[in-house]
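Numbering (full-length UniProt numbering), first residue to last: 1 to 96.
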Amino acid sequence: MNSESQKRLTARVKRIAGQVTGIERMLAERRYCVDILNQIAAVRSALDALGVELLTRHLETCVLGHGSGSEHESAAPMSQEQLLAEVKTALGRFLK
């Protein structure tokens, strides 16, 4: 992952952390339940978007680019069957 992508992902995670902190503050302030639920929905949406971006990058670099040197430095050498199993597991966890 290049440094620009890393910066964008880090900024996205920081925004999500800020949203979660906002929920904590809303609870402490005893804000209206529907307002809090709306904020929770926004956090879920932001996390889903982050997950889709990471999954897309994984598919592009670690799966399609497997063996080309573009995969993550921590990626273990795997067969196509192992890569497919890993993606199925990751998708199963992400989509729960």
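Ideal placement from N, C-alpha and C gives every residue a C-beta, glycine not left out.
Check: Under 8 Å between the Cβ atoms of I36 and L27?
Finding: Note that the C-beta distance between I36 and L27 is below 8 Å.
Checklist line | With 16 other Cβ atoms within 10 Å as the buried cut-off, status of C62 | finding: Flag for C62 reads buried.
Item checked: Option nearest L59 by Cα separation, candidates V43, I40 and K88 -> That would be K88, whose Cα lies nearest to the Cα of L59.
Next item on the list: Look up L95 in the DSSP assignment and say whether it is helix, strand or coil.
Entry: In the structure shown, L95 falls within a coil segment according to DSSP collapsed to helix, strand and coil.
Next item on the list: Give me the Cα-Cα distance between A42 and V13, rounded to the nearest whole angstrom.
Entry: Those two C-alpha atoms are separated by around 13 Å.
Item checked: Same chain only: Cβ atoms within 8 Å of V20, ignoring 5 sequence neighbours per side -> Once the five neighbours on either side are set aside, the close Cβ partners of V20 are V43.
Note to self: According to DSSP, is L64 part of a helix, a strand, or is it coil?
What the structure shows: Three-state result, L64: coil.
Next item on the list: Check whether the Cβ atoms of L83 and H66 sit closer than 8 Å, and answer yes or no.
Entry: At the C-beta level, L83 and H66 come within 8 Å of one another.
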